[in-house]
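Peer 1: Numbering-wise, my numbering comes out as the position in the sequence shown, counting from 1, plus 660. For each residue, glycine too, the CB sits at the ideal point set by N, CA and C.
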Amino acid sequence: MEDKSQSEVLTIKDSTKITKSDESTNVEPLKLKVYKKRWLMLIIYMIYNGTNSSQWIEYSIITNVVTKYYGVSSMMVDWTSMLFLAIYAVFIFPASYVTDKCGLRWTIIIGAGLNCLGSWIKILSVQPDRLYVVFIGHSIVALAQTLVLPLPGRLAAQWFPSTQLSTATSLGIFGNQVGIALGFLLGPVIVKNHDNLDDIGKDLSRLCWIVAIIGTIVLALVVTLFQNEPELPPSETRALQKMNRTEKKEEFVEPIKRLCRNKNYIMLCNSYGLNIGVLNAVSTLLNQIFLAHFENGEEDAGRIGLALTLTGMAGSVSFGFILDKTHKFKQTAVTVYFLTFCGQILFAVFTCMGIKWMVYVSATFLGYFMSGYLAMGYDLCTEYTYPESENIPAGLLYVTSNIYGIILIISLESLMNTYGDIPVHIGLCLALFLGFILTAITKDEQRRQDARKKAQYEEIARIEKNDDVPETNQLTYSIT
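1) Do you know whose CA, among Leu1075, Val996, Tyr730, Met735, lies nearest Gly861's CA?
2) Use the C-beta contact count for Ser720: other C-beta atoms within 10 angstroms, 16 or more gives buried, fewer gives exposed.
3) Suppose the cutoff is 7 Å on Cβ atoms and the five residues either side in sequence are ignored; what does the same chain contact list for Ala1023 look like?
4) Does the segment 878-894 come within contact of the segment 1053-1072, defined as at least 3 CB pairs closer than 8 Å?
5) Kindly indicate the opening and closing residues of the alpha helix (DSSP H) around Trp869.
6) Terminal residues of the continuous alpha helix (DSSP H) containing Ile781?
7) Per the DSSP calculation, Lys985 is bridged to which residue(s)?
8) Look up Lys693 in the DSSP assignment and say whether it is helix, strand or coil.
9) Can you tell which of Ile1097, Phe979, Val794 has the C-alpha that lies nearest to the C-alpha of Met927?
10) So the candidates are Tyr925, Ser1049, Ile752, Asp760; which of them puts its Cα closest to the Cα of Asp1104?
11) Which one of Val913, Ile1082, Asp960, Gln991 has the shortest CA to CA distance from Pro848?
12) Where are the alpha helix (DSSP H) runs, 4 residues long or more, that stay fully inside the segment 802-840, in chain order?
13) Distance, Cα to Cα, Met706 vs Ser779?
14) Run the CB neighbour count on Asn686, radius 10 Å, all protein chains shown included, and call it buried at 16 or more, exposed below.
15) What number of angstroms, rounded off, separates the C-alpha of Tyr695 from the C-alpha of Thr823?
16) Which residues in the same chain have their Cβ closer than 7 Å to the Cβ of Pro915, if we skip the five residues on either side of it in sequence?
17) For Ile1086, count neighbouring C-beta atoms within 10 Å of its own C-beta (all shown protein chains included) and say buried if the count is 16 or more, exposed if not.
18) Can you give the Cα-Cα distance for Ile1139 and Leu900, rounded to whole angstroms?
19) Around the Cβ of Cys920, are there at least 16 other Cβ atoms within 10 angstroms (buried) or fewer (exposed)?
20) Would Val871 be called buried (16 or more neighbouring beta carbons within 10 Å of its own) or exposed?
21) From Ser1012 to Ile704, what distance separates their C-alpha atoms?
22) Identify, in the order they occur along the chain, each residue of the same chain with its Cβ nearer than 7 Å to the Cβ of Leu803, setting aside the five sequence neighbours on each side.
23) Residues in its own chain within less than 8 Å of Ile850 by CB, not counting five upstream and five downstream?
24) Can you tell me the Cα-Cα spacing of Asp789 and Leu1034, whole angstroms?
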């Protein structure tokens, strides 16, 4: 049985001119409540996110096998992963509009449906002359990604209290990283580099069937169990955010205009874009980078990608916990970015030296910080853009990382084919160094935390017991 807690009746100063509590008012108190089923919603989202992200790297992690089976260039195979980045950049605005209009539940149902459909289409692609079917199925799965990636911050805001926002966001990203880890693992394990094309086809078919069946189960799970938003908001910041949107009905483009004028947000888009762009490039080109120094190392490349992602999952959760406890967003971001840069240097050095066990160690170090930064960027994004709807800033943030990823992959692939892998490593390190400089000079701003503090400490009118709603805070707002 939930414990009953004291509730605070507050009046908060903000841009909507809220009256002081000593003025007479008949406004009904706005109640806050944290629901235990928030964890179920988060787990379902994590599973859904993982089934989608696992398909991003599905073919490029076995580039040498796919080029043999379909008789195409490595660049064509790399486009199976770059397709996710390109489609996201093109369709994120319509996807954000759908999310705002349809809400969290229907957005996830539509995304899970597209994810399932694309997975089944790829089953039909297992013939050497059907690479185009791979791209059709992959395009539909990539379209589903536009309805999944921007949502961790929104889900956290709608279901979790202020003390768990960063942790919930990190766990949402955690699901994405679990999927990528499975993509790195399953491809090389299931699809072997056989001499006979029929044997490769059987392995590819087995992989496609596994992905399609899991996608169908996830769709059923989402439709039957996932809910949109609790009846009562879980935090003061969510309550204020909902009030803002009720009072200010505006066109879809207005938040985008404000974001384009937000200097900190623009700086974050570029620094985050460079970091995740490098992560996308490393993940996509890993098979080719590793095989340049280690012959027949397909499975090792997959395991290194797995190590990158698994340690990144640990980094995401630990950094989320640190941010929830300390709220030192700028200091943490600068530290993590610098260590990412150091990790990339170590990975480059040991790969070029051909010391396999040190490649594993450096990849583990690199993954902890670089993949861990994936979730931290969402938290920084929310702090810089509050009280904007979470999905639009997060969507644009990921667009920049995808654009940087496409640029890096295409340019570094060309460099590698012409000059070898050393210029590739240099380019990756330079990109991270530039991102570190941008992170260091970005102003420390915490809009969401400031709003939370106001809601808790400013204009406190009275503290009274709440007999109606357990574990609930009450806020009274009087708009003039």
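Peer 2: Straight from the coordinates:
1) The shortest Cα separation from Gly861 among Leu1075, Val996, Tyr730, Met735 belongs to Tyr730.
2) Its Cβ being crowded by 16 or more others within 10 Å, Ser720 is buried.
3) Ile964, Ala967, Leu968, Phe1007
4) no
5) 857-885
6) Residue range 734-783 is occupied by the alpha helix (DSSP H) that includes Ile781.
7) BP columns for Lys985 are empty, so no partner.
8) coil
9) Ile1097
10) When only C-alpha atoms are compared, the closest one is Tyr925.
11) Asp960
12) 812-819
13) 18 Å
14) With a pLDDT of only 43 at Asn686, under 50, the local geometry of the prediction cannot be trusted, and no value is derived from it.
15) 14 Å
16) Glu1048, Ser1049, Ile1052
17) By the neighbour-count criterion, in which 16 or more other beta carbons inside 10 Å mark a residue as buried, Ile1086 falls on the exposed side.
18) Reliability of the predicted coordinates at Ile1139 is poor, the pLDDT of 29 falling under 50, and no value is obtained from them.
19) exposed
20) buried
21) Checking the sequence, you will find Cys at residue 1012 rather than Ser. Approximately 41 Å, taken between the alpha carbons.
22) Ile747, Phe751, Leu774
23) Same-chain partners within the cutoff: Asp863, Arg866, Leu867, Ile870.
24) 37 Å
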